[in-house]
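Respectively, the protein sequence lines represent chains E and C.
All the letters of the first sequence, read from the start, carry residue numbers 540 to 1048 under this note's numbering.
All the letters of the second sequence, read from the start, carry residue numbers 678 to 1175 under this note's numbering.
Glycine included, each C-beta is placed from N, C-alpha and C at the ideal position.
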Amino acid sequence: METAVIYSIKPLLAIGVSLIAALLIFLTGERSRNLRESWTILASVIKFTIIASMVPSILAGNVIEYTVISIAPGLSLQFRVDALGIFFAITASFLWIITSFYSIGYVRSLKEHAQTRYFICFAIALSATMGVAFSANLFTTFLFYEIITLSTYPLVAHKETPEAMKGARKYITYLLGTSIAFQLFAIFLTYSAAGTLDYSYHGIFNSVRGHGVSDTFLIITFILFMAGITKAAMMPFHSWLPAAMVAPTPVSALLHAVAVVKTGVFVVVKVVLHIFGINLLSQLGLGTALAYFASFTIIVASIIALRQDNLKARLAYSTVSQLSYVILGVALLTPSGITGSIMQIVLHAFGKITLFFAAGAIYVTAHKTRVSELDGIGKQMPFTMAAFTAGAISMIGIPPLGGFLSKWFLGIGAIEAGQIPIIIVLATSTILNACYFLPIVHRAFLKEATDSTDKNSSLVTRYSSIKEAPALMVGALVLTASGAVALFFKPSLFLDLARMVAASVTGVN
Amino acid sequence: MIQHAPVLIIIIPLLAALMNLIVGLWRKRLCYLFTVAALGTCVFLSVAILDIVAGHGTITYKLGGWPPPWGIAYVIDHLNAFMLVIVSFISLVVAVYSKVSIEKELPEKIIQFYTLFLLLVTGLLGILATGDVFNLFVFLEIASLAGYALIAVGDDRAPLASFNYVIMGTIGACFYLLGVGYLYIATGSLNMADLSQLLPELYDSRVVLGAFAFLMVGVAIKMAFFPLHKWLPDAYTHAPSAVSAFIASTMTKVGAYVMIRIMFTVFKPYFSIEVIPVTAILGWLAVAAMLYGCIRAIAQTDVKRMLSYIIIAEVGYIVMGVSVGNRMGFTGAILHILNDAFMMACLFLAAGAIEYKTGTRNVHNFSNLYKKMPVTTAAFTVGGLSIVGIPPTCGFFSKWYLVLGAIDSQQWVFAGTLLFSSLLMAVIFFKVLVNIYFGSQPVSGAHSIGGNGAVVMDEAPLSMLFPICIMAVGILSLGFFSGKIISSVIQFTVPGSF
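The structure is reproduced here in structure tokens:
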């Protein structure tokens, strides 16, 4: 495939549009809520349009580049949009549109305070996410990575209760602390050894290995990277994610199921493929080591999820587990493994955002947060719970939901890599997923509501009254659930992009 | 006219200091304008000097036309031209800022304040411009004496703090002078360029080794380098806010400059690195300074005291960069001198504005301060993030070079400590910033300023706000221009053997 470099300002526009929106939201403030919210919607739509307009030329095998400023040797603010970047960007920006509508419904129903701050931080976080997706070097990645951390802190601390502040403190300690102590250190080591931070399809360490760069050095750098990219929530650095669940649900839905955590795994993928390169990692045996590390997280997080009664906590541990699928896939270092890994980014996103949306809808309507309180909720909120079921099935990986695809490719990848134990991990995890999701569905639809005091009257109301969340919210979650279904039947766009990524780094079409 | 710039930049503030007294007798209010005008001229001259140096190389200005070994020469190369711009620019910004804060803090001493302030600037600029070790001592004392007086006029505890500083500072000056004396005994010269020619033959002489030791210890006291930092936190905490801002951002940096001059100009780099392993000693002390400064800063509730301890750590950064003895590290150190001057000025100015408006320096009383003073707190945030080293603020870029320098010379402990201290800085600033933006519990008592109720925006006056914003914008833009600054100025300051 011929690769042509197109110079275009579009990547910068895609990042800038939500920054401008943040400014407009700030200027509008509480004076006119509708105007304020329209900025969010407008920005999300424009952002998605800009990103979508880049897709055709990426699919044609080109990359889009834009250098904002070259600060010093090795330090330039530069964007390069390739298949992997556009894949992540389009996922996040599409879901931002839906989340924006959902957010509006959510914060207005609950009459949340500090709504202006909420929408500003949301817009900045999305800008930074695009920045990570499009970054052409580790410096740009690091810069936007930190901006995400800082801009989402106010969202996690949103409620400003002691509990929220405690969760937010944990959040920032983990994310900022490890990124400075480990990730930044790894970046320093990388630059010092390789003399560049630009991503390369063959891995920048590949060419310098043996030229004064020892294997021990490479292994240490790799470990520092993996320890420093805490957003990927790999154990033992995962506990910030459950703590972040004190945030309002749309935040958990988009940021802690899609944007923030996917940024983490995205950077892991970048480091594996473009900094070290698959040849080097397989020679050093680091791919296998990483795969087993990820497997450990997959299984253990699922087991912890089993015993969470709080719905959002259960979803959070499920996210911890599912994120490691991405890492697992890329660590297999085979074309199908990489394809499965990248597909998991979008498939998990649609599934998990639906689940969170449903959790938020339940909270807004019925004020319930615990799994044990959900008996019979399916009759009161049929649409929500149907969508929830779809999301759960996608998580488990049963056709015809999208989640099946990534597991399929991951399984093939494991066979390609000759790692049969990984197949067992995938199977075990599927069973565990079923164990913690299906009881919720069971409770919602098949159990009678037991706790209500007015049991006699509820017999009447149970049949007649459907009390759903506001339309904006239900619409959003139905849309994402249908997305999860649609991705099973028409995954071609994403699959093509994922295959391009795999082909570009392995050289196999 | 412009060829006399090296001396004019010192004469103008010196004369202005004297004339200020006369102007003050006539119209008290004019002192401010007069000072600002004088310092504005200094900024102009310093930029002109930097321009000449960048275009034509080192300037040697012979005072009174006397040739160097006998007469005093002002020698300005890239390093001190760069430092002159920093010091004169910060002095101008702080002078602009000082108007209302001094009117409130020292209403009866306005004339004296500006006179002393100009003398302090004269001293610092003189230290930077001169190429003569004894002349440097004279300016060091001018700056120090003016500094003692300016600190002493601060709050109730300032006289004691200043007295401690006087004692320590005088010991430092004595050590420096003794060092100069020994050098003169050994060589018969006081001119830096001349000394650097004469000294290599005498590098095994005990007198010269003693002189070097005295000079280094003397300067280390002046720049508050660990473990000789004891005077600094008290002095900077209790001084008037404008004074703290200026001294904090420039005095220690000028000390670092003198240290670099002695190590690499008066003595040859190989002497400081190999003959006496002074760089190794300095490096490990710098590690201790970074850790000590950060750890002490965590426990502070007084914002100015907190920042003072951070300065001790920042001095450690600069010395560490110099001590690793390679191009990257040195570049980082010089860049950090610039960045730290801006960061410290920004933070101290913001802290001063907060104290001006709310009467408190206790960070626990900063709850929800952002509602009341959005611009000041935003600037404080920028400064804080820069100290932590979050890109794109300038603090990241100097740390980048410092850590790469440490890695280049395989000093893993140094690199690790730098990053660890960044983490500690993050802890320090996050505590304050969370309080500013999320502090929900209003502290009872007269000093409470935030609270849950509607807080009316009540910003500092424009003459304070403007300098603060300049500094905050400076922090952001210096980050983007750091590559340019390095390639056009800093790379020429690196000693040739690195």
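| Item | Value |
| --- | --- |
| Three-way DSSP call (helix, strand, coil) for ILE689(C) in this model | helix |
| contact_flag[the segment 756-771 of chain E, the segment 715-732 of chain E] where n(CB pairs < 8 angstroms) is 3 or more | yes |
| Top-ranked residue by Cα proximity to ALA840(E), from VAL964(E), ALA897(E), PRO595(E) | VAL964(E) |
| Beta strand (DSSP E) segments (min. 3 residues) lying fully within the segment 694-746 of chain C | 736-739 |
| Opposing strand residues paired with LEU538(E) [DSSP bridges] | The structure shown does not extend to residue 538(E), since chain E is modelled only from 540 through 1048, so no value can be given for it. |
| GLY936(E), buried or exposed, once every other Cβ within 10 Å from all chains shown has been counted against 16 | buried |
| ASP1135(C) (DSSP reduced to helix, strand or coil) | coil |
| Under the three-state DSSP convention, the category ASN676(E) falls into | strand |
| Chain C contact for GLY716(E) (CB, 8 angstroms cutoff) | yes |
| Where the segment 1067-1094 of chain C meets chain E: residues whose CB sits under 8 angstroms from a CB there | ILE1067, PRO1068, PRO1069, PHE1074, TRP1077, VAL1080, LEU1081, ILE1084, ASP1085, ALA1092, GLY1093 |
| Contacting residues, own chain, Cβ-Cβ under 7 angstroms from ARG1038(E) (five flanking each side not counted) | THR878 |
| PRO690(C) and ILE726(C) closer than 8 angstroms at C-beta | no |
| Unbroken beta strand (DSSP E) run spanning ILE1056(E), endpoints | Absent from the structure is residue 1056(E), since the part of chain E shown begins at 540 and ends at 1048. |
| Nearest-angstrom beta carbon gap, SER1000(C) and ALA963(C) [assumed within contact, 8 angstroms] | 6 angstroms |
| Among VAL943(C), LEU692(C), VAL777(C), ASP1017(C), the one whose alpha carbon lies nearest that of VAL752(C) | VAL943(C) |
| Exposure label - ASN573(E); buried when at least 16 CB within 10 Å | exposed |
| Three-state class that DSSP yields for GLY1022(E) in the structure shown | helix |
| Integer Cβ distance of ILE1064(C) from VAL770(C), believed to fall under 8 angstroms | Not quite, the Cβ-Cβ distance comes to about 18 angstroms (not below 8 angstroms), so this is no contact. |
| Residue interval of the beta strand (DSSP E) (run including ALA750(C)) | 750-753 |
| One or two residues paired with ASN868(C) in a DSSP bridge | ASP809(C) |
| Neighbouring residues, chain E, relative to LEU1153(C) (Cβ below 8 angstroms) | None at all; the shortest Cβ gap to chain E is about 12 angstroms. |
| Any C-beta of chain C under 8 angstroms from that of ILE762(E) | no |
| Exposed unless 16 or more other CB atoms sit within 10 angstroms - verdict on TYR546(E) | exposed |
| Local conformation of ILE759(E) per DSSP, three classes | helix |
| Unbroken alpha helix (DSSP H) run spanning PHE1074(C), endpoints | 1071-1085 |
| Under the three-state DSSP convention, the category ASP911(C) falls into | helix |
| Check whether ALA1010(C) and LEU1079(C) have beta carbons under 8 angstroms apart | yes |
| Residue environment, TRP578(E), which counts as buried when at least 16 other CB atoms sit within 10 Å | buried |
| Inter-residue spacing [alpha-carbon to alpha-carbon] between VAL1024(E) and LEU940(E) | 5 angstroms |
| Cβ of LEU757(E) within 8 angstroms of any chain C Cβ | no |
| Inter-residue spacing [alpha-carbon to alpha-carbon] between ILE954(E) and LEU823(E) | 20 angstroms |
| Contacts around ALA694(C), its chain only, beta-carbon distance under 7 angstroms, and the 5 residues preceding and following it disregarded | THR792, LEU795, LEU796, THR799 |
| ARG982(C), DSSP secondary structure in three states | helix |
| As assigned by DSSP and simplified to three states, the class of THR754(E) | A small correction: the amino acid at residue 754(E) is Asp; Thr does not occupy that position in the sequence shown. Reduced to three states, the DSSP call for ASP754(E) is helix. |
| Range covered by the alpha helix (DSSP H) that runs through ALA732(E) | 723-733 |
| ALA783(E) beta carbon less than 8 angstroms from that of TYR513(E) | Past the edges of chain E, shown from 540 to 1048, lies residue 513(E), and the structure says nothing about it. |
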